[in-house]
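Here's the structure, in structure tokens; my notes come after.
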Amino acid sequence: MRAWSVVVPAKRLPLAKTRLTPLPAGLDGPPGAAHDRLVLALLADTVAAALASPAVAGVLVVTDDPAAAGTVTRLGARTVPDEPDRGLNPALAHGARVTGAAAVAALSSDLPALRPEELTAALAAAEVAARCFVADAQGTGTTLLTAVGTALSPAFGTGSAQRHAAGGAVPLTGRWPGLQRDVDTPDDLEAARALGVGPHTAALLGGAARPPG
């Protein structure tokens with residue numbers, strides 16, 4: 172099994188998930204603080220699931236936010252500052268270079284329903300080509316982009332699935348609902364909760380976490 176280095180971007184908390192309003196009922200504290208706690212929970216469950224995949228050698232989070240850095244470091248991830256500070260794609264390219272790994276995967280930071288076995292299966296499927304990607308549940312965005320022995324060349328953002336395909340990345344499909352369910356809006360969050368979210372998000376929102384494994 173190939174060992175992958177996973178790169179996860181984490182924006183400064185005030186700039187992250189600005190469409191995730193209104194916040195779910197029951198989140199305590201001022202709106203700004205509640206928003207930050209939710210963003211951190213989504214990030215923590217994503218990173219924890221990635222670290223639990225046997226295909227993943229390590230997770231590197233690119234962030235300038237101290238709270239995000241502290242959260243993922245406690246889980247066992249490494250962090251690096253966003254030195255380019257020019258947006259998502261330069262941050263991911265920077266992280267990929269820092270890893271120095273032959274096999275790199277860029278993973279969205281907002282996948283609270285991600286299961287380790289889904290990521291393991293997707294990374295195994297990514298052996299078919301030098302660059303591959305997994306589209307989001309809508310089929311237009313990207314949640315995972317992989318590169319083996321070549322530049323990552325990320326093109327995340329609105330319509331990224333089409334851009335990644337046009338750039339030569341091979342689309343991957345499988346039964347990976349948690350991997351495809353990124354969270355940008357309240358409806359996305361409810362869809363993730365229906366799949367079963369990880370312990371950090373579950374503890375924050377109330378309800379049981381997804382079963383392990």
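If you're matching positions, the sequence shown starts at 172 in the numbering used here and goes up one per residue. All residues carry an ideal CB built from backbone N, CA and C; glycine is no exception. The structure displayed is predicted, hence computed values, not measured ones.
1. Please go through the region 266-348 and give each complete alpha helix (DSSP H) segment of 4 or more residues, from N-terminal end onward.
2. How long is the line joining the alpha carbons of ALA386 and THR329, rounded to whole angstroms?
3. Answer yes or no: do ALA219 and GLY369 have a C-beta to C-beta separation smaller than 9 angstroms?
4. With a CB to CB cut of under 7 angstroms and the five nearest residues on each side skipped, what residues in its chain are close to GLY388?
5. Would you mind stating whether ALA212 and THR356 have Cβ atoms separated by less than 9 angstroms?
6. Considering PRO180, what are the terminal residues of the alpha helix (DSSP H) in which it resides?
7. With DSSP as the reference, please indicate the residues paired to THR217 in a beta bridge.
8. Hey, could you find the ends of the alpha helix (DSSP H) GLY241 is sitting in?
9. Are the region 252-260 and the region 195-215 in contact at 8 angstroms, needing three or more beta carbon pairs?
10. Report the option in LEU282, ASP281 and GLY266 whose CA atom is closest to the CA atom of VAL275.
11. Which whole-angstrom value is the C-beta distance of VAL230 and VAL177, which I expect to be below 8 angstroms?
12. What do you reckon, are the CB atoms on TRP347 and ALA293 nearer than 9 angstroms?
13. According to DSSP, which residues form a beta bridge with GLY367?
14. My understanding is that ALA297 touches LEU263, with C-beta atoms under 8 angstroms, so please give their C-beta distance in whole angstroms.
15. Ignore the nearest five residues each way along the sequence and tell me which others in ALA187's own chain have a CB closer than 6 angstroms to its CB.
16. Quick test of your reading: ARG334 and THR317, contact by CB under 8 angstroms. State the CB separation rounded to the nearest angstrom.
So, from the listed chains and residues:
1. 287-296 and 331-337
2. Any property of residue 386 remains undetermined from this structure, which presents the chain solely from 172 to 384.
3. yes
4. With the chain covering 172 to 384 only, the question about residue 388 has no answer from this structure.
5. no
6. It is not in any alpha helix (DSSP H) - PRO180 instead sits in the beta strand (DSSP E) that spans 175-181.
7. DSSP lists no partner for THR217.
8. 237-246
9. no
10. Relative to the Cα of VAL275, the nearest Cα in the group LEU282, ASP281 and GLY266 belongs to GLY266.
11. 5 angstroms
12. yes
13. Answer is none; GLY367 lacks a bridge partner.
14. Going by Cβ atoms, the distance from ALA297 to LEU263 rounds to 16 angstroms, so no, they are not a contact pair.
15. VAL210
16. Rounded, the Cβ-Cβ distance is 15 angstroms, inconsistent with contact.
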